[in-house]
Amino acid sequence: MSATDRPRPLLVVADAGARLVRRGLVAPGDAVRWDGARVVVFRRGPVVCELPAACVDAPSRAPYLPRDSQPARAHPVVHPGVRRCAPRMTLALHNTLTRRVEPFQPLAPPRVTLYTCGPTVWNYAHLGNFRTFLFEDLLRRYLEAAGYDVFHIMNLTDVDDRTIKAARAAGTTLRQHTEPFVRAFFEDRDYLRLRPAHAHPRATESVAAMITLVRRLLDSGVAYQGDDGSVYFAIDRFPGYGRLSRLDLREIKVGARVASDEYAKDDPRDFALWKKAGPDDDAVGAAWDAPFGRGRPGWHLECSAMSLHEIGTRFGVQTLDIHAGGVDLIFPHHEDEIAQSEAATGRPFARWWLHGEFLNVRGTKMSKRFGNFLAARDLREQGVDAAAVRLLFWQTHYRKPLDFTDEALAAAGEGVKRLGEFRARLLGEAGEGGRGTGEGRLAELAAEFEADFRAALDDDLNAPQACAALFQLVHAGNRALDAGAGGAGAALAALDRAMAVLDVLPTPRAPEPDMARWIEAQVAARERARKSKDFKEADRIRAALRARGVELEDTPTGTKWRVV
Ligand SMILES: [Zn+2]
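Take 9 as the starting number for the sequence shown in my numbering and just add one per residue.
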């Protein structure tokens with residue numbers, strides 16, 4: 009194929025395209041074209057990738073934009089029935105590095121690499137931890153909704169001072185002690201509707217990468233072996249130390265060391281990268297052989313090694329687009345992560361640092377230490393709908409402390425119920441007689457809502473403002489429905505797009521067996537009425553079901569119902 013008859017590079021608008029980038033089959037800069045069930049990649053000649061059938065039928069979310077093609081000359085391929093969407097460049101996020109809200113720009117759009125510090129699985133994660141994970145879920149979902157192809161890494165800290173201490177106290181091994189808490193974390197994650205990370209590396213399974221990183225730091229002279237046998241990072245040999253936490257560098261005591269994973273901001277010291285194994289470490293199976301002595305990694309080292317390993321092997325980069333965590337991690341954890349990573353690679357470690365504020369209970373930071381500890385599973389066992397927890401958290405900006413009270417949770421529960429009822433009304437309208445499609449007051453309200461919703465979240469994830477827009481839609485939308493307005497289909501679609509980000513619709517409840525039998529009988533009676541063209545009777549049955557909180561959806565395979 010000569011250069012002249014080579015097809016021009018086209019834009020690919022497809023989920024599948026984004027997945028190919030992620031798998032490394034396509035690199036930023038390649039020209040890519042859809043060809044039926046195949047993606048054709050032009051590098052030094054065409055490379056054809058077969059797509060799984062599911063990808064062909066459901067294209068489009070994140071577009072893949074060849075770096076060297078000019079959008080003005082390119083021919084976008086738009087799949088039928090699919091809204092084309094390019095990453096919006098209007099999102100601005102607060103960067104702890106600069107203490108400013110800055111326009112977000114990833115290294116190689118549409119890809120965004122996101123690393124979030126995961127749980128330390130020495131015990132159940134508490135709701136304060138989950139506030140951080142929920143803010144990160146909002147960040148990830150909004151990036152995805154905005155057209156980015158996010159690769160989310162969340163580690164599991166299954167070896168550190170606390171896990172070893174807890175395993176020792178329980179008289180068991182590290183693995184045996186942490187495994188149930190890993191399972192519990194995934195259960196809690198699913199209960200709270202957090203999108204699973206694409207990679208969940210475990211510290212104990214990433215020790216080889218940690219040893220390599222320590223080796224590099226020793227070779228470059230920023231690390232040294234102390235007389236206690238452990239390896240330390242010399243903070244005075246890394247000029248950028250203290251940049252993230254705005255540390256007063258005069259406080260640095262040259263040569264003073266700390267072996268513990270956690271220490272205070274007013275006492276910065278050389279910190280442990282690799283701790284020489286002690287009897288407790290060996291007793292619980294938390295010691296590994298390394299060229300610089302048998303030992304175990306420091307907590308800070310773990311995150312640097314796992315994140316650099318993931319993005320290095322998958323994407324060939326050494327800089328994360330976003331690193332996120334709770335504000336309590338800024339010092340020393342994230343400060344130390346930056347020092348280790350940048351001293352080893354010579355590259356910026358993360359372009360954006362995002363930090364979420366604490367969850368307070370009775371005005372005090374929730375923690376086991378203060379005895380005001382609440383686990384996610386406590387709420388689940390009390391029958392609290394996860395949607396209410398999510399809505400409660402969205403109603404305070406992630407950079408402001410949030411007070412958790414039963415009253416606030418109950419109010420959020422009411423809000424969730426109202427949303428569910430509003431959606432059921434829209435679905436009822438949109439599904440019948442075509443009244444919901446096309447123009448109408450509801451379509452206008454939906455367009456206003458979507459503009460407000462985006463403007464709010466574009467402004468450093470202002471979820472409280474986004475929720476205000478949402479409930480404005482519910483209020484005005486209900487009045488428009490009362491007045492028989494059209495456009496319910498457009499409103500339903502807008503609501504569902506917002507729900508892909510906030511995910512606060514009520515969890516469908518399973519009815520009692522008697523109730524389920526009654527519903528089935530009513531659905532069958534409605535089906536008979538529809539077959540004999542008695543639409544009045546069919547509508548009456550539908551209304552009777554709706555009055556009892558049963559939502560119907562007519563599908564090609566029959567009528568489905570759920571209790572909301
Ligand atoms: Zn971390």
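Every residue gets a Cβ at the ideal spot worked out from N, C-alpha and C, and that includes glycine. Nothing here was measured: the structure is a model prediction, and the numbers come from that model.
Express the C-alpha separation of Asp336 and Cys125 in angstroms, rounding to a whole number.
-> 12 Å
In angstroms, rounded to a whole number, what distance separates the CA positions of Leu226 and Ala264?
-> 18 Å
What residues sit near ligand 1, counting only those whose C-beta is closer than 5 Å to one of its heavy atoms, in chain order?
-> Cys125 and Cys311
Cβ neighbours of Pro209 in the same chain (closer than 6 Å, five flanking residues each side left out) = Asn163 and Met314
Using a threshold of 8 Å, state whether the C-beta atoms of Ala438 and Gly497 are closer than that.
-> yes
Minimum C-alpha distance to Thr165 - residue among Leu478, Asp269 and Gly234 | Asp269
Close Cβ partners of Arg176 (< 7 Å) along its chain, the five nearest in sequence each way excluded = Asp288, Ala291 and Val292
DSSP state of Val190 mapped onto helix, strand, coil = helix
Pairwise C-alpha distance: Leu478 and Leu434 = 14 Å
Please determine, among Thr98, Gly136 and Val109, the residue with the shortest C-alpha to C-alpha distance to Ala383.
-> Gly136
If you draw a straight line from the C-alpha of Ala419 to the C-alpha of Asp393, how long is it?
-> 12 Å
DSSP bridge partner residues for Phe339 (one or two, in chain order) | DSSP lists no partner for Phe339.
For Gly441, which residues from the same chain have a beta carbon less than 6 Å from its beta carbon, with the 5 sequence-adjacent residues on both sides left out?
-> Low per-residue confidence applies at Gly441: pLDDT is 45, beneath 50, and the placement is therefore not dependable, though the value from the model is reported in the following sentence. The answer is none, since no qualifying residue turns up.
Nearest-angstrom Cα separation, counted from Arg570 out to Gly324 = 47 Å
Take Arg52 and list the residues in its own chain whose beta-carbon comes closer than 7 Å to its own, dropping the five residues that flank it on each side.
-> Because Arg52 carries a pLDDT of 39, less than 50, the predicted location of this residue cannot be relied on, and the following value inherits that uncertainty. Around Arg52: no qualifying Cβ.
Excluding the 5 residues preceding and the 5 following Ile338 in the sequence, name in chain order all residues of the same chain whose CB lies nearer than 7 Å to its CB.
-> Thr104, Leu252, Ser253 and His363
Inter-stretch contact (C-beta, 8 Å, three-pair minimum) for the segment 387-403 and the segment 196-212 | yes
Please classify Thr98: is it buried, with 16 or more other beta-carbons within 10 angstroms of its beta-carbon, or exposed?
-> exposed
As assigned by DSSP and simplified to three states, the class of Asn368 | strand
For the segment 265-340, list the alpha helix (DSSP H) runs that are entirely contained and at least 4 residues long, ordered along the chain.
-> 287-292 and 307-323
Could you tell me if Glu365 is buried or exposed, where buried requires 16 or more neighbouring beta carbons within 10 angstroms of its beta carbon?
-> buried
Neighbourhood of Leu147 by C-beta distance below 7 Å, restricted to the same chain and skipping five residues each side = Ala332, Leu362 and Leu469
Can you have a look at Gln113 and say buried or exposed, based on whether 16 or more other CB atoms are within 10 angstroms of its CB?
-> exposed
Run of the beta strand (DSSP E) containing Lys568, from where it starts to where it stops | Gly566 to Val571
Unbroken stretches of the alpha helix (DSSP H), 4 residues or longer, contained in the segment 194-276 = 215-227
Simplified DSSP state of Phe381, which is helix, strand or coil | coil
Residue range of the alpha helix (DSSP H) that includes Glu520 = It is not in any alpha helix (DSSP H) - Glu520 carries neither H nor E in the DSSP assignment.
From the DSSP output, in three-state form, read off Ala116 for me.
-> strand
Inter-stretch contact at 8 Å, needing at least 3 Cβ pairs: the segment 189-198 / the segment 237-257 | no
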